[in-house]
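Novice: In this note's numbering, the protein residues as written are 68 to 551.
Cβ atoms here follow ideal geometry from the backbone N, Cα and C, with glycine treated the same way.
Note that the structure is predicted; figures quoted are calculated from it, not measured.
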């Protein structure tokens, strides 16, 4: 029988979660997933991983593993409901699984701004987005791959991106999926920062890993899972299926397949390191069947993924991560606005804990915009405020205040208003002034205001946020690790 671990609900969410499927559908999804695991199996393209499953009694035929229901359910019970992701600055540490933790995007190739237009991202751009993330009150974790640096060899990017993240931030860190050697070197760099044995007892760096839908895990993904789980560091499992191409056209079928792929990855992680943090990250979507290309704006995307958030939160009681700010628009326009807000609201209102793809993404996560990063910060802030809901405690009912003001009075000068007004939500780049004031000051667009703001933030950032001797040692390690 499946028994769930304890889930700690978020103190920051008062708004009831939106649910896509009924509670009675959750065990049906689980049972269908177990049937797939036991009868169809999962391909794992990694000899060491196959040996791990064999050692623990799984049936293995070639590179296909058949995972029993008991093995899958034991794994989900072992995965913790919450964990603390430690930052170099402990005041920046966050609890994953309780609250809302947005972090930088993963996967953009291009970047753009109003001044230089669209171009391949460079390491300087990667560093700039780390600086913007560090300066943000909304971004809670740093690292990941907001843009891939084209001026660094693909084989070396994981280490160089991690160096720039360490150098410019003191928030919790997310690494990169890569081959075994580079994953191990990334973990060693974190030991250089925190201390040789620190990672053994603390969660310092998480990593995103993707099943290769349908029902398959590729070698590099498994290299990363092995390296991080062996060091007892959090692993995020992100199925990125496209309904109609790499998962069933039916939404319910795609939900089941995505859930199955997460169960399989969790089983492996818990066999390597029982109790290791594992984050359930539904990231599938619907293909545009006119062209069979990936889209990140259809309503169906969040019907698939939100149902899987229900599985994670209500059935398995594990932390979640959701992609929640994507758009297929090619520029920062009205389409980008309504698609981004749709995705943010759905991702947050259905229960995402960690939140990604919410800062600046365009063109189905191909491009990151400096200006949209700033605009999306405000949009994310709006959605977080909505999810905070209404405080209905006795102290908030304001009966005495209403009695004091009375019929026909004004609250503008009341002491209660002065006590509370500074906590009002206000925009960071939207213009709420009168038309006359906006017109008088040059009719500046939100893009112009965002352009000015990101430049001011970057101009005010320090050269680095680590001691000189650590910077020297990390640089030396990077050079030593080239090509290894």
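Grab me the residues of residue 269's own chain with a C-beta within less than 6 Å of its C-beta, minus the 5 sequence neighbours each way, in chain order.
Specialist: Position 202 of the chain shown holds residue 269. Answer for residue 269: 153, listed in chain order.
Novice: Work out the CA separation of residue 453 and residue 163 for me, nearest whole Å.
Specialist: Translated into the one-based positions of the chain shown, residue 163 becomes position 96. Translated into the one-based positions of the chain shown, residue 453 becomes position 386. Taking the straight line joining both Cα atoms gives about 20 Å.
Novice: Could you tell me how far apart the beta carbons of residue 233 and residue 541 are, in whole angstroms, since I believe they sit closer than 8 Å?
Specialist: In the chain shown, counting from the first residue as 1, residue 233 sits at position 166. In the chain shown, counting from the first residue as 1, residue 541 sits at position 474. At roughly 7 Å, the Cβ-Cβ gap stays under 8 Å, so residue 233 and residue 541 are in contact.
Novice: Can you tell me whether residue 435 is helix, strand or coil according to DSSP?
Specialist: Walking along the chain shown from the start, residue 435 turns up at place 368. Strand, per DSSP.
Novice: Tell me which residue opens and which closes the beta strand (DSSP E) that residue 180 is part of.
Specialist: Numbered from 1 along the chain shown, position 113 holds the residue referred to as residue 180. 177 to 180 is the extent of the beta strand (DSSP E) around residue 180.
Novice: Give the range of the alpha helix (DSSP H) segment to which residue 235 is assigned.
Specialist: For the purposes of this step, residue 235 is identified with residue 168 of the chain shown, where counting begins at 1. Its alpha helix (DSSP H) spans residues 224 to 235.
Novice: If we count the other Cβ atoms within 10 Å of its Cβ and call it buried at 16 or more, is residue 121 buried or exposed?
Specialist: Working through the chain shown from its first residue, we reach residue 121 at position 54. It is exposed - the Cβ of residue 121 has fewer than 16 other Cβ atoms within 10 Å.
Novice: Which first and last residues belong to the alpha helix (DSSP H) in which residue 122 is found?
Specialist: Here residue 122 refers to the residue found at position 55 when the chain shown is read from its first residue. 114 to 122 is the span of the alpha helix (DSSP H), which, as asked, contains residue 122.
Novice: Which same chain residues end up closer than 6 Å to residue 78 when comparing Cβ atoms and leaving out the 5 residues on each side of it in sequence?
Specialist: Walking along the chain shown from the start, residue 78 turns up at place 11. Summary for residue 78: the model assigns pLDDT 39, below 50, so the residue's position carries little reliability, and this model does not support an answer.
Novice: Is it right to say residue 486 is buried, meaning 16 or more other beta carbons lie within 10 angstroms of its own, or is it exposed?
Specialist: Locating residue 486 in the chain shown gives position 419, counting from the first residue. Residue 486 comes out exposed.
Novice: Which residues does DSSP pair with residue 284 in a beta bridge?
Specialist: Translated into positions along the chain shown, residue 284 becomes position 217. Answer by DSSP bridge pairing, in chain order: 111.
Novice: Near residue 246, which residues of its chain fall below 6 Å by C-beta distance, leaving aside the five closest residues on each side in sequence?
Specialist: Along the chain shown, read from residue 1 onward, the residue named residue 246 stands at position 179. So the list reads 287 and 290, once near-sequence residues are dropped.
Novice: What is the C-beta distance between residue 314 and residue 281, in whole angstroms, given that I count them as a contact (C-beta under 8 Å)?
Specialist: The residue labelled residue 314 in the question sits at position 247 within the chain shown. The residue labelled residue 281 in the question sits at position 214 within the chain shown. 6 Å between Cβ atoms; contact.
Novice: In angstroms, rounded to a whole number, what distance separates the CA positions of residue 347 and residue 469?
Specialist: The residue given as residue 347 occupies position 280 in the chain shown. The residue given as residue 469 occupies position 402 in the chain shown. Distance between the alpha carbons of residue 347 and residue 469 is about 46 Å.
Novice: Suppose the cutoff is 8 Å on Cβ atoms and the five residues either side in sequence are ignored; what does the same chain contact list for residue 367 look like?
Specialist: In the chain shown, counting from the first residue as 1, residue 367 sits at position 300. Here the set comprises 310, 318, 352 and 353.
Novice: Which residue marks the beginning of the alpha helix (DSSP H) containing residue 322, and which one marks its end?
Specialist: Position 255 of the chain shown, counted from the first residue, corresponds to residue 322. Taken as a continuous stretch (DSSP letters only), the alpha helix (DSSP H) holding residue 322 covers 318 to 339.
Novice: Tell me whether the segment 172 to 181 and the segment 429 to 440 touch, counting them as touching only if at least three CB pairs, one residue from each stretch, are closer than 8 Å.
Specialist: In short, these stretches touch, since the Cβ pair count reaches three.
Novice: So residue 303 and residue 250 are in contact, right, with Cβ under 8 Å, and what is the actual spacing, rounded?
Specialist: Numbered from 1 along the chain shown, position 236 holds the residue referred to as residue 303. Numbered from 1 along the chain shown, position 183 holds the residue referred to as residue 250. With a Cβ gap of about 14 Å, residue 303 and residue 250 do not count as contacting.
Novice: Out of 114, 543 and 438, state which residue places its alpha-carbon closest to the alpha-carbon of residue 129.
Specialist: Translated into the one-based positions of the chain shown, residue 129 becomes position 62. Minimum Cα distance to residue 129 is reached at 114.
Novice: With three or more beta-carbon pairs closer than 8 Å as the criterion, would you say the segment 412 to 424 touches the segment 373 to 382?
Specialist: Segments in contact, yes.
Novice: From the DSSP output, read off the bridge partner residues of residue 423.
Specialist: The residue you call residue 423 lines up with position 356 of the chain shown. According to DSSP, residue 423 bridges with 390.
Novice: Got a sec: is the Cβ-Cβ distance from residue 271 to anything in chain D below 8 Å?
Specialist: Protein chain content of the structure displayed is limited to a single chain, and chain D is not contained in it.
Novice: Mind reading off the beta-carbon distance from residue 413 to residue 369? Whole number of angstroms is fine, and I expect it under 8 Å.
Specialist: Locating residue 413 in the chain shown gives position 346, counting from the first residue. Locating residue 369 in the chain shown gives position 302, counting from the first residue. About 4 Å separates the two Cβ atoms, so the contact holds.
Novice: With burial defined as no fewer than 16 other Cβ atoms inside 10 Å of the residue's Cβ, what is the status of residue 171: buried or exposed?
Specialist: One-based indexing of the chain shown puts residue 171 at position 104. Buried, by the Cβ-count rule.
Novice: Taking 8 Å as the cut-off, does the segment 179 to 188 touch the segment 402 to 410 (at least 3 CB pairs, one atom from each stretch)?
Specialist: Not touching, per the Cβ criterion.
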